[in-house]
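Peer 1: Got a structure for you, questions after.
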Amino acid sequence: MLTRFLQYLAAERRYSPLTIRNYRRDIGRFIEWLGTDEASFDPAAVRTEDIREWIVHRSVSTSLGAASINREVSSLRSFFRWLHRTGRCERDICRSVPSLRTPKRLPVFVPESRMSDIVGDCTAESDDFVAERNALIVLLLYACGLRLAELVGIDRDDFNHDFTTLRIRGKGDKERLVPVLEFVREKILRYLDLIGRQNICKSGEKALILTQQGERISRSTVYRTVREQLQRSGVQGKKSPHVLRHTFATHLLNGGADMREIQELLGHASLQATQVYTHNSIAVLKAVYAKAHPRGKRGE
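Under the working numbering, the first residue of the sequence shown carries the number 10, and numbering increases by one thereafter.
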């Protein structure tokens, strides 16, 4: 039954292998907690109270925060909704189960002055393949607002003929077009030239971001690369690919970009997901106000 559901997620919802793996883990963990296994699992025997007890169990027995537990419960919600819709369960037992309250956290981003220095360092030319590749990783994440998985999944033929537009396959296999700024385009062309001159890609691999062995780079390597690059540049706090995506959105909003345009560039399904960046924009406005307003400067 669980296998059927996962096949549905892959074939009809077009979820990524990583997302499907998370669903399998979350639901499998719940089934195991019930004291059964996938083969003998009976959805008709599960009650709403079991879901509530599961939430309590996860809250007490693990160090997971509310957001992580809510993600696990979301997997169960999708599973039991599918069971109900396909007639395998009389009712949707998760429907009345509320999510745990989570504190609102503002997206972490790199200030424009610091990001300007980072971009300057990344646009410097080098004949070292790894240095050029790592710089390109940072530039693409920041200048195109990409997710980690989206960056890793880029193929060289995802660009148009003159490398001014990039086709991105996002969540749910949805596609969007992202413009490539000139300084990023120049870095891409130099990087591709290095691949050819140094004979990096011997196997015909289509991926843009490669290892020195000519294979598609892994997510963990990209994550580590970004962390090291940002740490070397003196960035404080969290240092991850998603921080660069947040930085892209925040800088666009602070620069006057329309919320709908930012939503499209980020590939968000709803405007609500994009509106979180307005909080950062307001925080910037408050800081400017406090610094520039005559009453604000005196703390009055």
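Ideal placement from N, C-alpha and C gives every residue a C-beta, glycine not left out.
#1: Over what stretch of residues does the alpha helix (DSSP H) that includes Glu-81 continue unbroken?
#2: Nearest to Gly-37 by alpha carbon, out of Thr-12, Gln-284, Thr-71?
#3: Report the residue from Arg-194, Arg-123, Leu-261 whose alpha carbon sits nearest the alpha carbon of Gly-154.
#4: Where does Thr-252 fall in DSSP's three states?
#5: Using the DSSP secondary-structure output, state which residues sit across from Ala-216 in a beta bridge.
#6: Residues in its own chain within less than 6 angstroms of Leu-92 by CB, not counting five upstream and five downstream?
#7: Quick one: what's got a C-beta closer than 8 angstroms to Arg-100's C-beta in the same chain, skipping five residues either side?
#8: In whole angstroms, what separates the C-alpha of Glu-309 from that of Phe-118?
#9: At the level of alpha carbons, what is the spacing between Pro-112 and Ser-229?
#10: Using the beta-carbon count (16 or more within 10 Å), is Gln-222 buried or exposed?
#11: Which residue comes first and which comes last in the alpha helix (DSSP H) that contains Val-69?
#12: So Glu-273 and Arg-185 are supposed to be a Cβ contact under 8 angstroms. How far apart are they, rounded?
#13: Please give me, in chain order, every unbroken run of the alpha helix (DSSP H) with length at least 4 that falls completely inside the segment 137-198.
Peer 2: With the given structure in hand:
#1: 75-94
#2: Thr-12
#3: Leu-261
#4: Correcting the residue type first, residue 252 is Val in the shown sequence and not Thr. Val-252: helix per DSSP, three-state reduction.
#5: Asp-164
#6: Pro-52, Cys-98
#7: His-93
#8: Caution is warranted here: a pLDDT of 47 is assigned to Glu-309, below 50, making its placement in the model unreliable, and the coordinate value is therefore given only provisionally. The straight-line gap from Cα to Cα measures roughly 29 angstroms.
#9: 28 angstroms
#10: exposed
#11: 57-70
#12: 7 angstroms
#13: 138-153, 157-161
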